[in-house]
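Structure, as structure tokens:
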DNA sequence: ATTAAAGAAACCAATAATATACCAAAATAC
DNA sequence: GTATTTTGGTATATTATTGGTTTCTTTAAT
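Protein chains in written order, with the numbering used here: chain A, 194 to 422; chain B, 194 to 422.
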């Protein structure tokens, strides 16, 4: 017979499963776990095993076990109020952009339609005429990077970019912008944007990514110089 | 007596349900909730339990309770577009991981402390013993990548990674996992994880990033093969 | 055969959920 | 303006659950 042997589950198996469910948000912060008896039934293990698994999770700090009450999640899987973005520091954001944008360039080369490239060029043209207007330039810069993401046709990436860009709205950032966006810096940014755009036009994914990295490196440098002041 | 016993609901259950109704827009910004007594009746729970659930939602900042007046929604579901994650397709998610994780490796090399590397090794060891248990392996895999991000010490990156990982909790993904995670694939993943970890141990940022790219390429391939079936 | 780990069952004391009643402020009706 | 109703806040007694503990049996690995 093809009867499947239900293999005996060890406490570490149970722990791994529950850990995963905490990380993925099945159980949220401050939620109470199902009672041990129910959990044992669901996991097809004995209560003692579940108990041992929960004790391990407690040592890891993921849950707190309260006598005669229940086991409570002490891990924030998603922060719905998004205070992280409010408190994100400029250099942390730069790291995120470093991770994100070079690959966006590669994807853009693969997916951008002619009309997309045309629109990017238009934004680029506007930017080059705003060497002396830091605020206008910054807004167009945001537009440029957002449009770049949009050309990938990936709504998930677009959503993430939107979240990252929302940081720029806060106080620390408007100040930082005034410190860094001097005309000569804007001029350099324009050159780099133009180079990135050209690499995309000519369908060179690695070149586009490389030039984006250089661009971000320049931005990072002017940031560190500004914060050193 | 075939009467079905209505399971007693805990405050976490009530909170989860109300949270869902706020997120989906059943109750919109500034709406007044039904009074506690009515809510208790609808939820088939006692007023005390509903009360405790509402208090938790208040701590989360989702609602505001006003004495002698009512409980009001303080959350704008339009500004929070979570649905994208529910509908994110596997290949779109792979692109996001391609964008992020190689650079995460570089940052990990720069910032990981010895204790971090030790913890990563422990997760790795567990994974290598789960060649025949796809569910356990997948959960450990999530842990591995989450821990990797954590070593960068950048909460913004951690938040983004968590958003990306939260997709894995949904239905389409658990099915996809069953299709792709065969023992030989798991074996290959283990080899690649080990190589990534080694590169981090030996403080080689570019090597670590490159190996992560290879790992993701393998994952992408097994995805496309699975969706071709 | 020996040993360590998991399963099963029973009991305890503390806690959570229920049910009910009452209060005071606010909203509503008249 | 006044009376009535509605609302969240509070208190209390009762019942159902829950984690903690012990004891013993079963299973798997060596």
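Glycine residues also receive a C-beta, built at the ideal position from the N, C-alpha and C atoms.
When the cut-off is 8 angstroms and only beta carbons count, does residue i lie next to chain A?
i: residue 378 of chain B; result: no
i: residue 205 of chain B; result: yes
i: residue 296 of chain B; result: yes
i: residue 349 of chain B; result: yes
i: residue 408 of chain B; result: no
i: residue 335 of chain B; result: yes
i: residue 251 of chain B; result: no
i: residue 353 of chain B; result: yes
i: residue 339 of chain B; result: yes
i: residue 383 of chain B; result: no
i: residue 358 of chain B; result: yes
Looking only at C-alpha atoms, which of the options sits nearest to residue i?
i: residue 299 of chain A; options: A:238, A:254, A:220, A:397; result: A:397
i: residue 405 of chain A; options: A:415, A:214, A:418, A:382; result: A:382
i: residue 266 of chain A; options: A:220, A:339, A:389, A:393; result: A:220
i: residue 380 of chain A; options: A:213, A:230, A:327; result: A:327
i: residue 226 of chain B; options: B:319, B:237, B:212; result: B:212
i: residue 223 of chain A; options: B:354, B:373, B:250; result: B:250
i: residue 245 of chain B; options: B:235, B:229, B:296; result: B:229
i: residue 239 of chain B; options: B:207, B:352, B:378, B:295; result: B:207
i: residue 407 of chain A; options: A:209, A:323, A:287, A:268; result: A:287
i: residue 308 of chain A; options: A:419, A:209, A:394, A:323; result: A:394
i: residue 378 of chain B; options: B:402, B:414, B:345; result: B:414
i: residue 305 of chain A; options: A:418, A:354, A:343; result: A:343
i: residue 350 of chain A; options: B:331, B:388, B:356; result: B:356
i: residue 386 of chain B; options: B:218, B:331, B:282; result: B:331
i: residue 289 of chain A; options: B:353, B:318, B:233; result: B:353
i: residue 325 of chain A; options: A:209, A:376, A:268; result: A:376
i: residue 256 of chain A; options: A:233, A:293, A:214; result: A:214
Should residue i be flagged as near chain B, meaning a C-beta pair shorter than 8 angstroms?
i: residue 216 of chain A; result: yes
i: residue 300 of chain A; result: yes
i: residue 285 of chain A; result: yes
i: residue 272 of chain A; result: Annotation note: pLDDT 47 at residue 272 of chain A (below 50); position unreliable, coordinate value reported separately. It does; some Cβ of chain B falls within 8 angstroms.
i: residue 268 of chain A; result: no
i: residue 291 of chain A; result: yes
i: residue 223 of chain A; result: yes
i: residue 419 of chain A; result: no
i: residue 257 of chain A; result: no
i: residue 396 of chain A; result: no
i: residue 331 of chain A; result: no
i: residue 288 of chain A; result: yes
i: residue 213 of chain A; result: yes
i: residue 209 of chain A; result: yes
Checking 8 angstroms against the spacing of the C-beta atoms, do residue i and residue j come in under that value?
i: residue 216 of chain A; j: residue 347 of chain B; result: no
i: residue 242 of chain B; j: residue 291 of chain B; result: no
i: residue 316 of chain A; j: residue 337 of chain A; result: yes
i: residue 320 of chain A; j: residue 333 of chain A; result: yes
i: residue 412 of chain A; j: residue 400 of chain A; result: no
i: residue 416 of chain A; j: residue 284 of chain A; result: yes
i: residue 237 of chain B; j: residue 202 of chain B; result: yes
i: residue 390 of chain B; j: residue 314 of chain B; result: yes
i: residue 297 of chain B; j: residue 345 of chain B; result: yes
Would residue i be called buried (16 or more neighbouring beta carbons within 10 Å of its own) or exposed?
i: residue 329 of chain A; result: exposed
i: residue 410 of chain B; result: exposed
i: residue 295 of chain A; result: buried
i: residue 341 of chain A; result: buried
i: residue 259 of chain B; result: exposed
i: residue 254 of chain B; result: exposed
i: residue 200 of chain B; result: exposed
i: residue 231 of chain A; result: exposed
i: residue 262 of chain A; result: exposed
i: residue 322 of chain A; result: exposed
Tell me the DSSP secondary structure of residue i in three-state form.
i: residue 382 of chain A; result: helix
i: residue 216 of chain A; result: helix
i: residue 257 of chain B; result: strand
i: residue 324 of chain A; result: coil
i: residue 344 of chain A; result: coil
i: residue 299 of chain B; result: helix
i: residue 225 of chain A; result: strand
i: residue 407 of chain A; result: helix
i: residue 419 of chain B; result: helix
Kindly examine the ligand ATP and report whether one of its heavy atoms sits closer than 7 angstroms to the Cβ of residue i.
i: residue 249 of chain A; result: Here there are no bound small molecules, and the ligand ATP is not part of this structure.
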